[in-house]
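Residue numbers (the numbering used here): 55 to 804. Even glycine gets a Cβ: it sits at the ideal position worked out from N, Cα and C. To start, the structure itself, in structure tokens.
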């Protein structure tokens, strides 16, 4: 392959002699399911795949595979029924069933193709993946046999190699990892497929309405056996290629569109003043450049701080999500984003003449806010302008050098040899694989529908059998008159049925239905009906210690204890209920089943009144006699008395502390008043002394000297200070006036 600028093709023999050019439609025209491969069983890359658009017979299902790794469409056909179509763009395989799609994503071949794609290699089909796997397994077995020359080595190294390499390959994941390791996909640079790199890198940078996966158009000349690959964005807008993908084979619309592509190609090659603009904007960076015939005639770049480091996202996006932040950084980013929009808008206005003359506007603006920066509402450029083309490969950073690279790469063409026979063989092989896969998908769909119908029929039969079983197993007790009267708490009717109605007989358990014995007293216990339970126990005393299967095989006394019904417990114990019976799934006595302390005290008090009735050690009951109860009550009274005395002492102590504190506060206040009075008298004395004349002050000072008092002079007026001096810093004054004048004097001397 040779890459040359598109303008140099004008001097080639291909255009000087006007050879007929054709567009390679394989990979452009919409076709059904495609399964293609680029990797031979030996691990050598072959021709890159031709990804196709999935459509039905009516060309209603158009799948966009340019902005994501998978594409799903659900459309309505002519019969208004919903159909499911999904295309895995990693493996180039379509699905009409969700479960098959999900199973494919969990398979080893999908994971293997993901790793191939990371290494910029073409995917393999499921059949080729299995062939590769079997080949690697055979190689591995042969290597193990060659290494195990002796029995000792077979025992040592042979078992270890199997365990380390392929012995653990029990699932698709380990098979896929082993296959990648053997082929050295990520380490071998010879397996790099540049053409497939263009395709995989072009997925996420395509417009949503583009239906083709290949970012390049292949133009061929059969006589010269040449194939020229040109970037699709250079030859026409995305709407043209969308219409081409939807057009039927050999239709007039398809021929017109292909002729338009060839015409545009010749026009751009032969043009000597082809002009275009490159605009890159991302992450607070902008780079714009104007080119004429491949040479830059004007350019400009801006860079402003609009997003936090390692955070991503513009400040305006963060503000819309979580409100305006008041930090300094957020304000700076907000201002820079506004200024960037203004600067780009001013630049676009100054380049208005360039935009009118250019034929292409190549744009990289991957996010919504960057699109607003390039195409604001007040801009003279419309977002729907057909000259605007999205750059079909990744951009590192919007700079002038990157704009140069974009212009050079888009205006280049790849020239290589064209082998029509090889292409035809590959096309036939693709059609064969497609047909086989379609048949397999249809067969799997039929099996799935058959299994679904079988499960629905089985579930329906099981439901009917369950309902019938419930009717057959319905107990004879449920509709019996005596049991119904017990549930309704109708004691009069119960007495009538038992005492007066000679035709009534209590039901007996049906052995064929394996019914268990149920007594009417159980219903009275559940309803907490004391009168009904007392009457039934008088009539049927043997039912009192029966184990009820509906209560997990416990007696009436267990049931009453677990419900905390003290009156029912006393009734049952008086009627002869045995407190030593252990029943239930967890062997417990009725006392152990008690729900609270009050219930346990009921057992203990009754046992204290009937000490010789039962073996209370087996019943886990400690009898509470009248004497023990009196002692217990006496202890409670004594405890309450002590508590009252303690509270009384505490209150008395609190009152004493309060009185003591009040007295202390009173003494403290009296002392403060006395200090304030002395201070007031001293100040009045000083004020009187300050009103004396100088003669009187000198006489008073002489009197104090003769009396032996320690006199001090004012640091400003040098007079004797009578009383307490005024102090500032280390100076002493006789009055505040001297203090103020001395302060001013010191400040003036500075």
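Rounded to whole angstroms, the gap between the alpha carbons of residue 190 and residue 199 is 14 Å.
As far as DSSP is concerned, residue 644 takes part in no beta bridge. DSSP lists 782 as the beta-bridge partner residues of residue 785. For residue 384, the three-state secondary structure derived from DSSP is helix. Residue 346 is positioned such that its CB atom lies no closer than 8 Å to that of residue 373.
Inter-segment contact for the stretch 713 to 731 and the stretch 688 to 701 is absent: fewer than three beta-carbon pairs are separated by less than 8 Å. Separation of residue 446 and residue 269 (C-alpha to C-alpha, rounded to the nearest whole angstrom) is 6 Å.
Contact between residue 60 and residue 323 holds: their C-beta atoms lie close to 6 Å from each other, under 8 Å. Rounded to the nearest angstrom, the Cβ distance from residue 359 to residue 387 is 6 Å, consistent with a contact under 8 Å.
Only residues of its own chain outside the window of five on either side were considered, and among them 154 have a CB closer than 7 Å to the CB of residue 498, listed in chain order. When DSSP states are grouped into helix, strand and coil, residue 357 belongs to the strand group. Distance from the CA of residue 615 to the CA of residue 596, rounded to the nearest whole angstrom, comes to 20 Å. Of all C-beta pairs linking the stretch 57 to 71 to the stretch 459 to 473, three or more are shorter than 8 Å, placing the two stretches in contact.
The Cβ atoms of residue 277 and residue 73 lie closer than 8 Å to each other. Bridge partners of residue 341 according to DSSP: 334, 355. In the structure shown, residue 533 adopts coil according to DSSP, grouped into three states. With a 10 Å radius around the Cβ and a threshold of 16 neighbouring Cβ atoms, residue 648 comes out buried.
Residue 609 is classed as buried because its beta carbon has at least 16 other beta carbons within 10 Å across all chains shown. Residue 408 is not a Cβ neighbour of residue 288, given a cutoff of 8 Å. Contact between the stretch 453 to 461 and the stretch 472 to 486 is absent: fewer than three C-beta pairs spanning the two stretches fall below 8 Å. Only buried fits residue 633, as 16 or more other CB atoms lie within 10 angstroms of its CB. By a beta-carbon distance limit of 8 Å, residue 770 contacts residue 792. Their separation comes to about 4 Å. Residue 431 counts as exposed, since fewer than 16 other beta carbons sit within 10 angstroms of its beta carbon. No Cβ-Cβ contact shorter than 8 Å links residue 172 with residue 332. Assignment of beta strand (DSSP E) within the stretch 382 to 433, counting only whole runs of 3 or more residues, yields 414 to 418 in chain order.
Ranked by Cα distance from residue 619, the options 691, 472, 655 are led by 655.
Within the same chain, 69, 323, 467 come within 7 Å of residue 63 by CB-CB distance, once the 5 residues on both sides are set aside. Only residues of its own chain outside the window of five on either side were considered, and among them 144 have a CB closer than 8 Å to the CB of residue 168, listed in chain order.
Under the DSSP definition of a beta bridge, residue 76 partners with 274. Selection 518, 557, 516, 519 evaluated against residue 535 yields 557 as nearest (Cα-Cα). In this structure residue 573 touches residue 594 by the C-beta definition: roughly 7 Å separates them, less than 8 Å.
A Cβ-Cβ distance of about 13 Å is found for the pair residue 280 and residue 77, leaving them out of contact under the 8 Å criterion. DSSP places residue 467 within a strand segment (E or B) once states are collapsed to three. Taking 4 residues as the shortest admissible run, the stretch 578 to 650 contains the following complete alpha helix (DSSP H) segments, listed from N- to C-terminal end: 584 to 593, 610 to 617, 620 to 628. When the Cα atoms are used, residue 783 and residue 724 turn out to be separated by approximately 34 Å.
Distance from the CA of residue 663 to the CA of residue 518, rounded to the nearest whole angstrom, comes to 58 Å.
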